[in-house]
Structures are given as structure tokens and as C-alpha cells.
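Colleague:
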Amino acid sequence: MQTYTEDPAALRKCLLPSTTANHVSRTSRLPEFYDELENDNSSSCTARLILNQLRWLDYIAQPEALTEKLIEPIVVYLKELMNENSELTVPILDALSNLTLHSESLDDVKETVLDRLESAELDDIAVILKFMLQTVTPNTVDMVILGIRQKLDFRALGKIQQDNSQRRTKQSLSQRSNVKDTPEALILESIKLGLQFHKFVCEAWFRTIMALETARAHKIIDVLILFILYSMPSMKKKAESAIKKKIIQGLITAPLLEETIMCHASGLASYWNVILSLSEGLLRSCQQNGTISPCASTLYISSFKVCDSYYRQEIIGSLVTHIGSGVEAEMSIALNVLLHLAKSDVSSVTVYSVFIKGILDYLDNLSLYQIRILFDIFSLIALTVSCMMMIITSVIIVILEQQYC
0 MQTYTEDPAA
10 LRKCLLPSTT
20 ANHVSRTSRL
30 PEFYDELEND
40 NSSSCTARLI
50 LNQLRWLDYI
60 AQPEALTEKL
70 IEPIVVYLKE
80 LMNENSELTV
90 PILDALSNLT
100 LHSESLDDVK
110 ETVLDRLESA
120 ELDDIAVILK
130 FMLQTVTPNT
140 VDMVILGIRQ
150 KLDFRALGKI
160 QQDNSQRRTK
170 QSLSQRSNVK
180 DTPEALILES
190 IKLGLQFHKF
200 VCEAWFRTIM
210 ALETARAHKI
220 IDVLILFILY
230 SMPSMKKKAE
240 SAIKKKIIQG
250 LITAPLLEET
260 IMCHASGLAS
270 YWNVILSLSE
280 GLLRSCQQNG
290 TISPCASTLY
300 ISSFKVCDSY
310 YRQEIIGSLV
320 THIGSGVEAE
330 MSIALNVLLH
340 LAKSDVSSVT
350 VYSVFIKGIL
360 DYLDNLSLYQ
370 IRILFDIFSL
380 IALTVSCMMM
390 IITSVIIVIL
400 EQQYC
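With numbering that gives the first Met the number 0, letter number 381 in the sequence shown gets 380, and the count goes up by one each step, no holes.
#1: Consult DSSP for D344 and reduce its assignment to one of helix, strand or coil.
#2: Please state whether the Cβ-Cβ distance between M330 and Q286 is less than 8 Å.
#3: Can you find the residues in the same chain that come closer than 8 Å, C-beta to C-beta, to V336, ignoring five residues on each side of it along the sequence?
#4: Could you give the C-beta distance for I219 and R154, rounded to a whole number, given that I count them as a contact under 8 Å?
#5: Exposed or buried, M131, counting other C-beta atoms within 10 Å across all chains shown (16 or more means buried)?
#6: Thinking C-beta only, is L128 closer than 8 Å to I190?
#7: Just checking my contact of A341 with I380 at CB under 8 Å: how many whole Å lie between their CB atoms?
#8: Which residue marks the beginning of the alpha helix (DSSP H) containing M209, and which one marks its end?
#9: Would you check if there are 3 or more beta carbon pairs closer than 8 Å linking the region 238–248 to the region 262–272?
#10: Would the beta-carbon of L275 fall within 8 Å of that of S292?
#11: Answer with buried or exposed for E279, where buried requires no fewer than 16 other C-beta atoms within 10 angstroms of its C-beta.
#12: Report buried or exposed for W55, applying the criterion of at least 16 other Cβ atoms within 10 angstroms of its Cβ.
#13: Leaving out the 5 sequence neighbours to the left and right, which residues in its chain are closer than 6 Å to L172 when beta-carbon positions are compared?
#14: Could you tell me if L187 is buried or exposed, where buried requires 16 or more neighbouring beta carbons within 10 angstroms of its beta carbon?
#15: Find out if the Cβ-Cβ distance for the pair L151, L121 is shorter than 8 Å.
#16: Do A210 and T252 have their CB atoms nearer than 8 Å?
#17: Whole angstroms are fine: how far does the CA of G325 sit from the CA of A216?
#18: Specify, as a first and last residue, the run of the alpha helix (DSSP H) that S296 falls within.
#19: On the CB-based measure, 16 or more other CB atoms within 10 Å of its CB, does S378 come out buried or exposed?
#20: Residues in the same chain with beta-carbon distance under 8 Å from V112, minus the five sequence neighbours each way, listed in chain order, please.
#21: Which word fits S240, buried or exposed, when buried means at least 16 other C-beta atoms lie within 10 angstroms of its C-beta?
#22: When DSSP labels each residue in this structure, what does T136 get in the three-state scheme?
#23: What does the Cβ neighbour count give for F226, buried or exposed, with the cut at 16 atoms within 10 Å?
#24: Are the CB atoms of A238 and P182 nearer to each other than 8 Å?
#25: So is Y309 buried or exposed if we call it buried at 16+ other beta carbons inside 10 Å?
#26: Measure the alpha-carbon distance for N97 versus I355 and round it to whole angstroms.
#27: Which of the three DSSP states, helix, strand or coil, is assigned to N82?
#28: Work out the CA separation of L50 and S85 for me, nearest whole Å.
#29: Could you check what DSSP says for T181 in three-state terms: helix, strand or coil?
#30: Let me know the alpha helix (DSSP H) ranges lying completely inside the region 199–274, each 4 residues or longer, listed in chain order.
#31: Counting C-beta neighbours from all protein chains within 10 Å, is the total for M465 16 or more, i.e. buried, or is it exposed?
#32: Using only the alpha-carbon positions, how far apart do D221 and P137 sit?
#33: For F196, tell me which candidate among V140, R206, I159, G249 has the shortest Cα-Cα distance.
#34: Who are the Cβ neighbours of V273 in its own chain at under 8 Å, not counting the five residues just before and after it?
#35: DSSP state of L151, grouped into three classes?
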């Protein structure tokens, strides 16, 4: 004590409060403002002002430990909030998918979300699927895929989508939304992102489809997944081989393909080039196995009925190419597809008559049966009144004169 009294500087330091004690005393007072934080929503709330200052910290001691401690109560609170208000499901799932969480923390959320998938709003399904597929683990992937196949009924979604489309037709063109932004298109995009995000998800879903052993077990979602897999360069050959194999075995049928395309055209707007490529591959395979021809024809016919004018032109051009290939089976099937289109919707086919007229260049390679089909097509087109039809009629007359006069 004598030492401190003789040295005024040392005595002054001794009398100063401890820095640590000062920090502890300030921190311990934070709970005093909890009631004010609960009752006062204004920006001038003392507790809120104190918490806002934490954003400007230059350094955080043990940030990983702090993050782990904070995330757990946040996840628990978000779970409770989602159970209390189902309308907040989408923003909550968006928030959870942006957090780095342990898989155990999300197990309860996944089960809850999977149970709600069947009754979820059409606009919410895409976000739910994105969350499910991006947070899945190798241990739970089979269960998640099984749940999605069971809960996500694309047949019901197709009916809802058609009803929405009919209502939108009453709106002006400027008010209509982009086809690529329709709920079904966003759902397929979410599934595709999920397949690309984790390789094991892609492989597991492919295994699930390949394990289906009856035609009844195959659903619309399985065909859509195969279309998505076919659009991915790394899975294209495997998907095409799987589709051919299942068609030959009678597991994927023409009616299933027709329903998939006709009832889900808005969702497939980004996949017409994929379906056209698949149709061409299947039609070329008909020479080796004729059982593929009904499905190949169905893909062409159904796609033509619901796709836009650009891809209709591509379809007609593809059929003309098949007819000029010189392969007997390929030529006959393509001609029959074109005849079917002309009989069912000749006005739509007539628009592309300039391409169809090119078939006359391959006339010498056609059999008598094929020539009869071709002339049936030209006869149907010639009955429509237009300048181009007059030209085609004149060309047919010239050909007949050359053949028989």
C-alpha cells in the first residue's frame, strides 16, 4: 500500500475499473431490454439499436462457434413458424436452403414438407422440390425420390394447368405470362437443377425408374424425368437406351407418351428440341425393332399438335428427311405420320407445304405403297384453297402426265 501511495500513477491505475468487468456488466444488461424489444417495433427501440450495432463489428471471436449456436435456434423457430402459417412455407424453405446446416437439423423439415407436397399450391411446388433435392443426402435420396413419385401427381397438375390456361386465354396477349414461367415449367426446372446439383440424385432416380417392372407402375413423372435426363449430355445415351428398352418391353406405351405431351405442353416448352431429337432416334431404330414405331409416331404426332410454329416446321422437316433416308421402315412410318397429321389438321400442315413438296425429289425411291400414301397427303393438301396449293396441284398433274402419258 505504501508503494501505491508513493506512486500516484500506480494508485490511479489501481482505482480504475476492470475492462473485462465493464464488458461483462454491459452484456449482462442486455436481457433487461427484452420486454422492450417484444413490445416496441419502432426503429428507436433501445434493444434493436444495440443489436443493429453488432452489424458493424470488425472482428468476431470464434465465428464458427457463434454461427453454430445461432443457426440451431433459427432453424427451430423457422420450423415452428412454418407449422403455424403454411403460407410462409416458400420463403422459409428459401431461407433454409441458403443456410449451411447439418442434415440432422433438416430431417423434421423434410418430413413435414414431403407430407405437404400432395396438397401444396401449384406455385409453391417448384420451391419445395428444389429444397428437397438440394438438401438430400445419399442416405435419404431413395426415400425422397419415392415420396416425390407418390405425392406429386402430374395427372392432377395437368388438369389444374389446363384450367389456368383457359382462364388466361381471356386475358390480352400483353397480360399473359411467359410460357417458360408457368408453374409446370418451373417444377421441371427445379427437378432438373436437383438432378444436376447432386450426381447421386441423378443416378438414384435413374435406378428407381429402371427398377419399375410393370407398365402400370410407370407414371407421367417417370417419362418427364427421362426427358430431363435425355437433355443432360452426361445422361443422354443412358436415357435413350432406357426408353428404347422399356418401349420394347411394353413398359412405356404410346398412350402414356401421348398423355405426357398433350397434357403437359406448357411445362415441356423448353424440351421440344429434346423430344424431337428423341423422336428421330426412335424412328431410326424402327428398322431394327418394329415395336418402337407406335411410340415414335406418337411422339411426332403429339408434339406437332401442341408445340409452336417453329418446332412444327422442325417436325415436318425431320419427317421429310426420314422419307428421303432410303430406309424402308423409316420412310413408311414417316409417311404414315405425315398422313395422320394431314387428316387430323390439314390447315396446320398446309403452312409447311413448301417443305412437303420436297418429297417429290425422292419419288423414284418410294415403293408403290409409299407413293399412294404420298399422293393421299398431296390430295388432302390440294383441297385447301391457296396459291401454294395450286402450285402443288400443278406439280402433281405434271408428274402424272410424265408417268402415264
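Idealized CB from N, CA, C, for every residue including glycine.
Since this is a predicted model, take the numbers as computed values, not measurements.
Modeller: Here's the rundown:
#1: coil
#2: no
#3: S296, Y299, I300, L318
#4: 6 Å
#5: buried
#6: yes
#7: 6 Å
#8: 198–209
#9: no
#10: no
#11: buried
#12: exposed
#13: Residue placement at L172 is poorly supported in this model, since its pLDDT is 39, which falls under 50; the coordinates still yield a value, given next. Once the five neighbours on either side are set aside, L172 has no close Cβ partner at all.
#14: buried
#15: no
#16: no
#17: 38 Å
#18: 292–305
#19: exposed
#20: T88, L92, I127, F130, M131
#21: exposed
#22: coil
#23: buried
#24: no
#25: exposed
#26: 53 Å
#27: helix
#28: 29 Å
#29: coil
#30: 219–230, 235–247, 253–262
#31: Nothing in the structure corresponds to residue 465, since the chain is present only between 0 and 404.
#32: 20 Å
#33: V140
#34: F226, Y229, S230
#35: coil
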